[in-house]
Amino acid sequence: MLIENVLGTNGIISNKLESYELRTQQLEMALAIEKSINEKRHLIVEAGTGVGKSLAYLVPFIFWAVKKRKKVVISTYTKTLQEQLINKDLPFLRNALRYAHTDICPNDSPPARPYRTVPVRKTLSGGRSGGNDGRAGFKHVDEFNFSYALCVGGQNYLCIRKFNQAQMHGLFETKKEVKELQKIIQWKRQTKSGLRSGLDFEPSQALWSKVCRESDLCFGKNCLFKDDCYYNKARRKEFKADILVTNHHLFFANLVNEGRVIPNFDAVVFDEAQTLEDVATNYFGIEISNFKVKFLIDSILNPKTGKGLVTRLFKPSGKTETTIQKILNEAREAGNLFFSEIIKKYGKGKVTTRIRKKGIINNYLNKSLSDLSRMLESLLNQAKTDEERLEIAAFANRCNEINKNISTIINQDMKECVYWTEIEKRVKYRSSLPYTNIIESASSSGPLDQRNIRCSLLAAPINVASEFEKQIFDKIRPVILTSATLSTNGNFNYIKERLGIPAVNQNGTRPARQSGGEDYDEKIIGSPFNFSKNALIYIPINIPDPNQEPDEYKNNIIKHIKDIISHTQGRSFILFTSFEMLNAAYEEIKDNLDSFTLFRQGDKPRYQLIEEFKTSHKPVLFGTTTFWQGVDVPGEALKCVIITKLPFAVPNTPIIEARMELLKAQNKDPFTYYQVPQAITLLRQGFGRLIRTKTDTGIVAILDPRIKSRYYGRYFLNSLPNCNIVSDIKDIKNFLNLAHNHED
1 MLIENVLGTN GIISNKLESY ELRTQQLEMA LAIEKSINEK RHLIVEAGTG VGKSLAYLVP
61 FIFWAVKKRK KVVISTYTKT LQEQLINKDL PFLRNALRYA HTDICPNDSP PARPYRTVPV
121 RKTLSGGRSG GNDGRAGFKH VDEFNFSYAL CVGGQNYLCI RKFNQAQMHG LFETKKEVKE
181 LQKIIQWKRQ TKSGLRSGLD FEPSQALWSK VCRESDLCFG KNCLFKDDCY YNKARRKEFK
241 ADILVTNHHL FFANLVNEGR VIPNFDAVVF DEAQTLEDVA TNYFGIEISN FKVKFLIDSI
301 LNPKTGKGLV TRLFKPSGKT ETTIQKILNE AREAGNLFFS EIIKKYGKGK VTTRIRKKGI
361 INNYLNKSLS DLSRMLESLL NQAKTDEERL EIAAFANRCN EINKNISTII NQDMKECVYW
421 TEIEKRVKYR SSLPYTNIIE SASSSGPLDQ RNIRCSLLAA PINVASEFEK QIFDKIRPVI
481 LTSATLSTNG NFNYIKERLG IPAVNQNGTR PARQSGGEDY DEKIIGSPFN FSKNALIYIP
541 INIPDPNQEP DEYKNNIIKH IKDIISHTQG RSFILFTSFE MLNAAYEEIK DNLDSFTLFR
601 QGDKPRYQLI EEFKTSHKPV LFGTTTFWQG VDVPGEALKC VIITKLPFAV PNTPIIEARM
661 ELLKAQNKDP FTYYQVPQAI TLLRQGFGRL IRTKTDTGIV AILDPRIKSR YYGRYFLNSL
721 PNCNIVSDIK DIKNFLNLAH NHED
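In terms of UniProt numbering, the sequence shown opens at residue 1 and continues consecutively.
Now the structure itself:
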């Protein structure tokens, strides 16, 4: 079967969907992917909003997987897209393609699992009912079949063994945990998947960690509950599936864990590929926090409740109990001292601080964590069962792992990495004292009270391009990178450099790869939406420069925000580049907009803010980075996206600063090669929140004068869809009235 027979005019999908309209861009993308599959070439394909890119890559890969007995991974960034693929697109295609059996697999290439013959009753007139003869009344139809599965991290599954263990030993420390446990008990009686996402509430991390699957505490085939295990059932389905849907985080967790997380696969599609560098940086790095160390020690034995690993498995007494208590107390004191010194040293002023020299932090935890690990290993001889030995060994290994990571960061053992600290006040524990006063009020000699301060040590690779090349592009073929925002200023040079893909040569050719001589292909496919008719870009004049006149700029844009949302009757996203500016604008505006429903990022979970926004009267949402991408509000609920400032990354954050230093060392201008393309990508993502369907209309307001006054502004504008650009706020009202009349 040809791709055109599925996605073309009068194709299978058009016959299944009454409202289907031919999208030539979707067919173009599908054919490009089919070509990449057949020629074993990697492909970068940008597909504008409305192309229907998920079907465009699913159809050719389903055919390939079935015909060639291959397994394909589809990796996304957002949970929303993941759920769309699993709950909508793949079930639809399985149903639509079920009887589409002609030419999918040639006669000389019998597939392993795609067909099964099913009897279909027919009458003499060809109908599908009736018939008196048990044989003559049936014909045989080949049914095309493929399977798919969702891959999520094992910690998302309820572990039956740990769940029973937690109830038996009463491991719950607060009334809140006990209350949440009762909800989980009720949920367990009816859940089939055992997935945390199936809960109708968000359990605390402390509770969930006591009942979820953890890889180092999993008995696998030796577990008494292996036949009923939710994770095992999911894994069996994954190994049988042709198409695996996962997320970027789990994909890189699989790389870090040497392929033990996801079944072996033959090709990968990275949807929402603009986020790959950030996710990979996180997974190839290290993070240790005071909360993580405290949680580990308290899990071994909590001093307040007297509960933990030690008292659950043993009844220590006498000298043994004294020794255990002494080692645990020393570990706690060492942890408090270790992180207190870091907070005192780096916590004043900037919350995030780069560590440029190795060995300048005293590692008070080294001996204590080593002693703790040895103490646990000494208890192995007292363990009565394999289950007890597994748990003791797992906690000993966790101590060693944390100790190793702390040493790696302090000694800066990882090459071409950047090291830094992050110190932040926990919102959960609000204090009447300002953040700096909390630190300064502590005794200079003793440890700080860290209950309201999170302190982290981090390390991350400056450049992930080489890892991408070695671990992905050299080992998997084909790799498809797709998104609506991969190009900047009409080319893919930025993402190629960031992800280790050779750029196009000056003569227009692409360098052949050393491994086999294969090549890369690239394609930009525009949106089928009529942006020139459905969207308007508003860039007001006479706004002060945000860098040169920050106070005047802030006052000016607040006035513009009020004017704009009054014209749009709310229904607006206001996107900021910092929480400081967001909060300042929110506090200034909130008392003057009584008739509007205001939402502020951080007041509620993101998904809850979005759902309430969709159904509220005159909604206005104030958001930062997390709302620039991956948010879908189609229809009348969202009519305006206000971009307060071009989204340049803060240049003095450690990872950005280190990348800029690396580019300077390579005689490249960091602003041109890194900051501008990165900001363009995020601006395009912010713009993309507005028009989600063919009938959506609205305004994107850009309140940063640099898009017009600076030379690089044209690169931003060239990367946006072709829309009318206005500077008079009256044009907003006229546009909305015109759009409303068209809708009527």
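Just so you know, even glycine gets a beta-carbon here, dropped at the ideal spot from N, CA and C.
Legend entry - Integer-rounded CB distance, given that PHE265 should sit under 8 Å from VAL72: 6 Å
Inset, instruction - Put GLY134 into one of helix, strand or coil per three-state DSSP. - result: Confidence is the limiting factor: at GLY134 the pLDDT is only 40, short of 50, which leaves the residue's position unreliable and the question unanswerable from this model.
Inset, instruction - Please list, in chain order, all residues of the same chain as PRO546 whose beta carbon is under 7 Å from its beta carbon, the five residues on each side excluded. - result: TYR553, LYS645, ASP704
Legend entry - Contacts around ILE86, its chain only, beta-carbon distance under 8 Å, and the 5 residues preceding and following it disregarded: TYR148, LEU150, VAL245
Inset, instruction - Take GLU391 as the anchor and find which of LEU195, ILE574, ARG213 has the nearest alpha-carbon. - result: ARG213
Legend entry - Presumed contact (8 Å Cβ cut-off) between LEU58 and ASP89, rounded CB distance: 6 Å
Legend entry - Heavy atom of the ligand NAP within 7 Å of TYR715 beta-carbon: Annotation note on the ligand NAP: not contained in the displayed structure, which lists no ligands.
Inset, instruction - Give a yes or no on contact between the stretch 6-20 and the stretch 476-483, applying the rule of three or more CB pairs nearer than 8 Å. - result: no
Legend entry - Close beta carbons around ASN400, own chain, < 7 Å, minus the five adjacent residues each side: SER373
Legend entry - Host alpha helix (DSSP H) of TRP64 (start-end): 53-68
Inset, instruction - Leaving out five residues on either side along the sequence, give the residues of the same chain with a beta carbon under 6 Å from the beta carbon of LEU376. - result: ILE392, PHE395, ALA396
Legend entry - ILE564 versus ILE525, LYS730, ILE480, ILE462, residue with shortest Cα-Cα distance: LYS730
Inset, instruction - Examine the Cβ distances between the stretch 221-232 and the stretch 176-189 and report whether three or more of them are shorter than 8 Å. - result: no
Inset, instruction - Assign GLU46 to one of two classes, buried (16 or more other C-beta atoms within 10 Å of its C-beta) or exposed (fewer than that). - result: buried
Inset, instruction - Determine, using beta carbons only, whether THR485 and GLN685 come nearer to each other than 8 Å. - result: yes
Legend entry - C-alpha gap between TRP420 and GLU34, whole angstroms: 44 Å
Inset, instruction - Classify TYR711 as buried or exposed, calling it buried when 16 or more other Cβ atoms lie within 10 Å of its own Cβ. - result: exposed
Legend entry - DSSP bridge partner residues for LYS523 (one or two, in chain order): VAL45
Inset, instruction - Within 10 angstroms of the Cβ of ILE185, are there 16 or more other Cβ atoms? Answer buried if so, exposed if not. - result: exposed
Inset, instruction - Flag this pair as yes or no: are the beta carbons of PHE339 and ASN411 separated by less than 8 Å? - result: no
Inset, instruction - Please confirm whether VAL66 and PHE146 have their CB atoms less than 8 Å apart. - result: yes
Legend entry - Three-way DSSP call (helix, strand, coil) for ILE262 in this model: coil
Inset, instruction - Decide if the stretch 689-700 is in contact with the stretch 629-646; the criterion is three or more beta carbon pairs, one per stretch, under 8 Å apart. - result: yes
Inset, instruction - May I ask you to list the residues that DSSP assigns as paired with ASP271? - result: THR482
Inset, instruction - Leaving out five residues on either side along the sequence, give the residues of the same chain with a beta carbon under 7 Å from the beta carbon of ASN366. - result: ASN403, SER407
Legend entry - Beta-carbon gap between ARG624 and PHE596 smaller than 8 Å: Note that residue 624 is Thr in the sequence shown here, rather than Arg. Their beta carbons are not under 8 Å apart, which means THR624 does not touch PHE596 by this criterion.
Inset, instruction - Would you give the residue range spanned by the alpha helix (DSSP H) that LYS233 belongs to? - result: 230-240
Inset, instruction - Hey, could you find the ends of the alpha helix (DSSP H) GLY623 is sitting in? - result: Element bounds for GLY623: not the alpha helix (DSSP H) but the beta strand (DSSP E), 619-623.
Legend entry - Segment limits, alpha helix (DSSP H) that includes ASN463: Counting along the chain, ASN463 falls outside any alpha helix (DSSP H), and DSSP gives it neither H nor E.
Legend entry - Where the beta strand (DSSP E) containing VAL650 begins and where it ends: Looking at the DSSP string, VAL650 is not in any beta strand (DSSP E), and its letter there is neither H nor E.
Inset, instruction - Kindly list the residues whose CB is nearer than 7 Å to the CB of LEU662, restricted to its own chain and excluding five residues on each side of it in sequence; keep chain order. - result: ILE462, ASN463
Legend entry - Span separating the alpha-carbon of GLU657 from that of ALA460: 12 Å
Legend entry - Among PRO647, GLU424, ILE537, nearest to VAL676 - alpha-carbon criterion: PRO647
Legend entry - Backbone CA spacing between LEU255 and GLN471 [nearest angstrom]: 8 Å
Legend entry - Span of the alpha helix (DSSP H) around TRP187: 175-188
Legend entry - Distance between ASN302 and LYS175 (C-alpha atoms, nearest Å): 16 Å
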